[in-house]
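Asks: If you read the sequences in order, they're chains A and X. Under our numbering, the residue at position 6 of the first sequence is numbered 6, and the numbers go up by one with no gaps. Under our numbering, the residue at position 18 of the second sequence is numbered 133, and the numbers go up by one with no gaps.
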Amino acid sequence: GESVGLHLPTLSVQEGDNSIINCAYSNSASDYFIWYKQESGKGPQFIIDIRSNMDKRQGQRVTVLLNKTVKHLSLQIAATQPGDSAVYFCAEKPPLSGNTGKLIFGQGTTLQVKP
Amino acid sequence: DSGVTQTPKHLITATGQRVTLRCSPRSGDLSVYWYQQSLDQGLQFLIQYYNGEERAKGNILERFSAQQFPDLHSELNLSSLELGDSALYFCASSRGGGGYTFGSGTRLTVV
């Protein structure tokens, strides 16, 4: 079946450095992608999204890049802070899902920020 | 507080039992989604309801069922529980397409 995958299960970075979390998706027809952050003991929290007609979208300290040629999605976090430590999930809206809103989630990457 | 309320937060029950998880969506959201999160499985889509009707079904076991009530809250019923059903169960809601808002989850432990 379809799957959305992340390249690394754990990423460790120094506080203040930039973080890049990667995601490979399988379906070239997916038209909507989201990054979620999940802190320990909490539900996933929306970070940023991007539609397939865009290559880049910026938020506050976060940037999502979409490379449709190689079916790759990345999340860049600038000046990583201890509060950014969490599990990050990418999700895609599969084709033919119509107006169901169903999202397919990847396995997640754990971001560890070292002080 | 995300606006999506899930109860209970924790549930411990024995194998073979039946439990009901409850979700109140964010005000104005018509869609409710249920996801299961196990340690090694990530977030697995179970089922979606939209304004009281089932809209999409994922990898939901026959022992599991759900419904959405006229006030838009939803319940996920898990029966004949097995050890492998131990997981976090998340509810999310949305107004339409786009991203979800998740609740804080119910941690189910089957012993």
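The C-beta atom is built at its ideal place from N, Cα and C for all residues, glycine as well.
#1: Helix, strand or coil for L145(X) per DSSP?
#2: Helix, strand or coil, according to DSSP, for L193(X) in the structure here?
#3: Cutting at 7 Å between CB atoms, please list the residues of its own chain near P115(A), excluding the five before and the five after it.
#4: Buried or exposed for A79(A), going by 16 or more other Cβ atoms inside 10 Å?
#5: Less than 8 Å between CB atoms is the rule here; does F33(A) satisfy it with respect to chain X?
#6: As a quick exercise: from T224(X), E190(X) and V134(X), pick the residue whose alpha carbon is nearest that of E168(X).
#7: Any Cβ of chain X within less than 8 Å of the Cβ of Q112(A)?
#8: Helix, strand or coil for G173(X), going by three-state DSSP, please let me know.
#9: Hey, out of P44(A), S85(A) and K68(A), whose CA is closest to I50(A)'s CA?
#10: Who are the near neighbours of Q153(X) in its chain, counting only those whose CB is closer than 7 Å to its CB and skipping five residues on each side?
#11: Starting from L154(X) and walking both ways along the beta strand (DSSP E), at which residues does that stretch end?
#12: Identify whether L103(A) lies in helix, strand or coil by the three-state DSSP scheme.
#13: Which residues in chain X have a C-beta closer than 9 Å to the C-beta of K102(A)? List them in chain order.
Replies: Taking the definition as stated:
#1: For the purposes of this step, residue 145(X) is identified with residue 30 of the second sequence, where counting begins at 1. If DSSP states are grouped into helix, strand and coil, L145(X) belongs with coil.
#2: On the second sequence, position 78 is the one that residue 193(X) refers to. Of the three classes helix, strand and coil, the one that applies to L193(X) here is strand, per DSSP.
#3: Along the first sequence, one-based indexing puts residue 115(A) at 115. Answer for P115(A): E15 and P82, listed in chain order.
#4: To locate residue 79(A), count along the first sequence from 1; it is residue 79. Looking at its Cβ environment, which holds fewer than 16 other Cβ atoms inside 10 Å, A79(A) is exposed.
#5: Taking the first sequence and counting its residues from 1, the one referred to as residue 33(A) is at position 33. Not an interface residue.
#6: Reading the second sequence from its first residue, position 53 is the one you call residue 168(X). In terms of CA proximity to E168(X), E190(X) leads the group T224(X), E190(X) and V134(X).
#7: Taking the first residue of the first sequence as position 1, residue 112(A) is located at position 112. Answer no: the Cβ-Cβ gap between Q112(A) and chain X never drops below 8 Å.
#8: Within the second sequence, residue 173(X) is the residue found at index 58, counting from 1. Coil at G173(X), not helix or strand.
#9: Translated into the one-based positions of the first sequence, residue 50(A) becomes position 50. Nearest option by C-alpha distance: K68(A).
#10: By 1-based counting over the second sequence, the position of residue 153(X) is 38. In the sequence as presented, Gln is not what sits at residue 153(X); that position holds Ser. A202.
#11: Taking the second sequence and counting its residues from 1, the one referred to as residue 154(X) is at position 39. Where L154(X) is concerned, there is no enclosing beta strand (DSSP E), given that its DSSP letter is neither H nor E.
#12: If you number the first sequence from 1, residue 103(A) lands on position 103. In this structure, L103(A) counts as coil in the three-state DSSP scheme.
#13: Mapped onto the first sequence, residue 102(A) falls at position 102. K102(A) reaches chain X at Y148, F160, Q163, R170, A171 and G173, counting residues in chain order whose Cβ is nearer than 9 Å.
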